[in-house]
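Participant: Have a look at the structure that comes next, please.
Protein chains in written order, with our numbering: chain B, 59 to 318; chain A, 18 to 392.
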């Protein structure tokens, strides 16, 4: 009797670019997924040794603990400026920022806008979960109308507190921006699309094609007061209608890009 | 190299370039803008980095990023712009990366004006940003000294992984005088082991100013303080004029020190035993030297282009051994040497008591003689 020949194949493992340490993120938070996608892309492109990450202020402040590449930590909102300083001095490096919506859309509005306008050859991973996570769930510029947070306890009243800012749409108006897209992390199909977009964004930089940004709709179950599953559902039902998924800017050179 | 007629701002810029500057990030503000403009022409010509940022906030953080790569990097600004940079400066100090910032000071507070001032002493010499940190502050009194100190600033910054300020007032930036530029230095080829330039063949580097555990943050503060003590021991710089037999010691830096020197010379010619100590490093401050002088001096006169910001440092150094008097002009007004000479004469004939309220008395004198009208 012969034993059947079993071919073993590894189909899933921790990317080399992702350190084997527990993260500080809350259970059910999608930061872990976003980190993994970025790490997979760095692995696939083989660029980890020339990559410098720029962490921001907010929940991703400890991002530098999780990626196996050089990392710096920026003041609140200033990651695109720091990334500019690094990239200009070492043009053949890969420089990415990893920023939340409180960091990027609020205090960092100036830096992100001008980095995009300059066509700075960096990649921005932008996590939009419509709330300030790290400080305990305050209203962000991206908080939805009516959404309750610890600093809009009766719901965001747009008459007094203004309207959510659609960052990808805004940045897409800038000539300097080459690749600006919005994806979501609320289910596997969308996660696969997000991965593809992150890969494209890093390829845009690798080939010197200019500014790239991937906005990722994300969850904050703890501060939203939901279970992880409810939070994923909330992204789909409430966030996607306000922040439609799609490609907001794909410059002609980026459109011609073929990723092997 | 031969002497040439150079404007301060441009001389500083060219000196930085010749000292091996790799990247400059800045934002226009009078009275330092010629420095940025010169950089915009020269740096690209030399294949180096020039970038006009969208704000001083962005400029200092571009500097921060570039400094993390170990590159020779600088920015320049003037008082209100430097105020905006304070957040970034604190982060840079906390991350222990070297950089140079030139502050061509103007009248304040607030928008103030574009006239020469020394009103940034507090924010530059005694901090400005949050937390305990200790930048080196160099104060030139001529275009030549501005050149020499700019070159020195990069070496000090790298030696101590420190922020170095070149603290020039508007007149140093705007004035033209003969000066000699250094030879062009070769660019450095090696970068420090801590630099974040990509983790090729080594473990990754992380550069941050965050230490969540308070004990770790305290250790970091101690490390910064130990390094500062080393700087205090090694790097005090000053110029002494006619101090050997001085009974009256004038203390002034930058342009105020230079104007005071004229007054000291005139008073000397009239037989008054007066000398001048001009601090070049405002931080580390020449505390010991002033303390030594206080053993022989009968009185001190601090002269500044502000309301007496260095005055307290001189008082601390003198430590009650002699009275410390004060004369200043504020808001962008540069004192005439005759004004300082009158102050020296007054001190020679009527020294103030040891613990007199010299600031109050100075305000009264200023009100009577100098200001446009009643306050």
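Cβ atoms here follow ideal geometry from the backbone N, Cα and C, with glycine treated the same way.
Which residues, in chain order, does the segment 91-108 of chain B contribute to contact with chain A at a C-beta distance below 8 Å?
Facilitator: Cβ contacts with chain A come from 106, 107 and 108.
Participant: Under a CB-based cut-off of 8 Å, is residue 192(B) close to chain A?
Facilitator: Taking the first chain and counting its residues from 1, the one referred to as residue 192(B) is at position 134. Output row for residue 192(B): interface = no.
Participant: Given a limit of 7 Å on CB to CB distance, which residues of the segment 194-223 of chain A reach chain B?
Facilitator: For the segment 194-223 of chain A, which is checked against every Cβ of chain B, the residues closer than 7 Å are 213, 214, 215, 216, 217, 221, 222 and 223.
Participant: Below 8 Å between beta carbons is the criterion; list the residues of the segment 29-42 of chain A that meet it against any residue of chain B, in chain order.
Facilitator: Of all residues in the segment 29-42 of chain A, 39, 40 and 42 have a Cβ within less than 8 Å of some Cβ in chain B.
Participant: Is it right to say residue 236(A) is buried, meaning 16 or more other beta carbons lie within 10 angstroms of its own, or is it exposed?
Facilitator: Here the question's residue 236(A) lines up with position 219 in the second chain. That one is exposed.
Participant: I'd like to know if the segment 65-72 of chain A and the segment 38-51 of chain A are in contact, where contact means that at least 3 CB-CB pairs between them fall below 8 Å.
Facilitator: Output reads yes: the segment 38-51 of chain A touches the segment 65-72 of chain A.
Participant: Identify each residue in the segment 345-377 of chain A for which the Cβ-Cβ distance to at least one residue of chain B is less than 8 Å, and report them in chain order.
Facilitator: Within the segment 345-377 of chain A, no residue qualifies.
Participant: Can you tell me where the alpha helix (DSSP H) holding residue 307(A) begins and where it ends?
Facilitator: Taking the second chain and counting its residues from 1, one reaches residue 307(A) at position 290. Segment 304-313, the alpha helix (DSSP H) holding residue 307(A).
Participant: Going by the beta-carbon positions, is the gap between residue 183(B) and residue 130(B) smaller than 8 Å?
Facilitator: Here residue 183(B) corresponds to residue number 125 of the first chain, with the count starting at 1. Here residue 130(B) corresponds to residue number 72 of the first chain, with the count starting at 1. For residue 183(B) and residue 130(B), no; Cβs fall outside 8 Å.
Participant: Which term fits residue 295(B), buried or exposed, when burial requires 16 or more other beta carbons within 10 angstroms of its beta carbon?
Facilitator: The count along the first chain starts at 1 and reaches residue 295(B) at position 237. Classification for residue 295(B): exposed.
Participant: Ignore the nearest five residues each way along the sequence and tell me which others in residue 382(A)'s own chain have a CB closer than 6 Å to its CB.
Facilitator: Sequence index remark: in the second chain, residue 382(A) carries index 365 (1-based). Closer than 6 Å at the Cβ level, and outside the excluded window around residue 382(A), lies no residue.
Participant: Is it true that the segment 267-281 of chain B meets the segment 26-33 of chain A, where meeting means three or more beta-carbon pairs spaced less than 8 Å apart?
Facilitator: No, because fewer than three Cβ pairs between the segment 267-281 of chain B and the segment 26-33 of chain A fall closer than 8 Å, the two stretches do not touch.
Participant: Run through the segment 293-370 of chain A for me and flag every whole alpha helix (DSSP H) of 4 or more residues, listed as ranges in chain order.
Facilitator: Correct list: 304-313, 328-335 and 354-366.
Participant: Please report how far the alpha carbon of residue 88(A) lies from the alpha carbon of residue 336(A), in whole angstroms.
Facilitator: The residue labelled residue 88(A) in the question sits at position 71 within the second chain. The residue labelled residue 336(A) in the question sits at position 319 within the second chain. Taking the straight line joining both Cα atoms gives about 42 Å.
Participant: How far does the alpha helix (DSSP H) with residue 246(A) in it reach, from first residue to last?
Facilitator: The residue labelled residue 246(A) in the question sits at position 229 within the second chain. 231-251 is the extent of the alpha helix (DSSP H) around residue 246(A).
Participant: Measure from the alpha carbon of residue 69(B) to the alpha carbon of each residue in 98(B), 150(B) and 85(B), then state which is nearest.
Facilitator: Residue mapping note: residue 69(B) aligns to position 11 of the first chain, counting from 1. Ranking the options by Cα distance to residue 69(B), first place goes to 98(B).
Participant: What residue range does the alpha helix (DSSP H) around residue 173(A) cover?
Facilitator: Counting from 1 along the second chain, the entry for residue 173(A) is found at position 156. Per DSSP, residue 173(A) belongs to the alpha helix (DSSP H) from 160-177.
Participant: Taking residue 140(A) as part of the alpha helix (DSSP H), name the residues at either end of that continuous run.
Facilitator: Numbered from its first residue, the second chain carries residue 140(A) at position 123. Run containing residue 140(A): 138-142, per the alpha helix (DSSP H) assignment.
Participant: Can you name the residues of chain B whose CB is closer than 9 Å to the CB of residue 104(A)?
Facilitator: Start at 1 with the first residue of the second chain, and residue 104(A) comes out as number 87. Here the neighbours are 133, 134 and 136.
Participant: Per DSSP, residue 242(B) forms a beta bridge with which residues?
Facilitator: If you number the first chain from 1, residue 242(B) lands on position 184. Partner(s): 275(B).
Participant: Can you check whether the CB of residue 89(B) is closer than 8 Å to the CB of residue 118(B)?
Facilitator: Along the first chain, one-based indexing puts residue 118(B) at 60. Along the first chain, one-based indexing puts residue 89(B) at 31. Closer than 8 Å, so yes.
Participant: Report, in whole angstroms, the separation of the C-beta atoms of residue 117(A) and residue 174(A), which I expect to be a contact under 8 Å.
Facilitator: One-based indexing of the second chain puts residue 117(A) at position 100. One-based indexing of the second chain puts residue 174(A) at position 157. Confirmed, about 6 Å.
Participant: Spell out whether any CB of chain A is found under 8 Å from the CB atom of residue 129(B).
Facilitator: Your numbering for residue 129(B) matches position 71 in the first chain. Taking Cβ atoms only, chain A reaches closer than 8 Å to residue 129(B), which makes this a yes.
Participant: Tell me whether the segment 85-99 of chain A and the segment 209-217 of chain A touch, counting them as touching only if at least three CB pairs, one residue from each stretch, are closer than 8 Å.
Facilitator: Taking 8 Å as the limit for Cβ pairs, the verdict is that the segment 209-217 of chain A does touch the segment 85-99 of chain A.
Participant: So which residues on chain A does residue 170(B) lean against when the C-beta distance must stay under 7 Å?
Facilitator: Counted from its first residue, the first chain places residue 170(B) at position 112. Neighbours of residue 170(B) on chain A: none; closest Cβ ~10 Å, over 7 Å.
Participant: Between which two residues does the alpha helix (DSSP H) holding residue 227(B) run?
Facilitator: On the first chain, position 169 is the one that residue 227(B) refers to. That run of the alpha helix (DSSP H) goes 225-230.
Participant: Looking only at C-alpha atoms, which of 144(A), 102(A), 94(A) and 148(A) sits nearest to residue 123(A)?
Facilitator: Here residue 123(A) refers to the residue found at position 106 when the second chain is read from its first residue. If we check each option's Cα against that of residue 123(A), 94(A) comes out closest.
Participant: Which whole-angstrom value is the C-beta distance of residue 78(A) and residue 349(A), which I expect to be below 8 Å?
Facilitator: Locating residue 78(A) in the second chain gives position 61, where the first residue counts as 1. Locating residue 349(A) in the second chain gives position 332, where the first residue counts as 1. Actually they are not in contact, since the Cβ atoms of residue 78(A) and residue 349(A) sit about 29 Å apart, beyond 8 Å.
Participant: Since residue 95(B) is in the alpha helix (DSSP H), which residue starts that stretch and which ends it?
Facilitator: Here the question's residue 95(B) lines up with position 37 in the first chain. From DSSP, the alpha helix (DSSP H) with residue 95(B) extends over 89-103.
Participant: What does a CB cutoff of less than 6 Å around residue 108(B) pick up in its chain, not counting 5 residues either side in sequence?
Facilitator: What you label residue 108(B) is simply residue 50 of the first chain in a count that begins at 1. Excluding sequence neighbours, residue 108(B) sits near 151 and 152.
Participant: What's the C-alpha gap between residue 161(B) and residue 74(A)?
Facilitator: Position 103 of the first chain holds residue 161(B). Position 57 of the second chain holds residue 74(A). In a straight line, the C-alpha of residue 161(B) is about 14 Å away from that of residue 74(A).
Participant: Could you work out which residues of chain A lie near residue 143(B), taking near to mean beta carbons separated by less than 9 Å?
Facilitator: Translated into positions along the first chain, residue 143(B) becomes position 85. Within chain A, the residues near residue 143(B) are 40, 42, 66, 68, 78, 79, 80, 81, 82, 83, 84, 85, 86, 88 and 90.
Participant: 8 Å is my cut-off, CB to CB: does residue 78(B) come that close to chain A?
Facilitator: Here the question's residue 78(B) lines up with position 20 in the first chain. False, the Cβ-Cβ gap to chain A never drops below 8 Å.
Participant: On the DSSP bridge list, what partners appear for residue 304(B)?
Facilitator: As a first step, residue 304(B) is located in the first chain; it is residue number 246 there, counting from the start. Bridge partners of residue 304(B): 240(B).
Participant: In whole angstroms, give me the CA-to-CA distance for residue 51(A) and residue 57(A).
Facilitator: As a working note, residue 51(A) is residue 34 in the second chain. As a working note, residue 57(A) is residue 40 in the second chain. Rounded to whole angstroms, residue 51(A) to residue 57(A) spans 10 Å at the Cα level.
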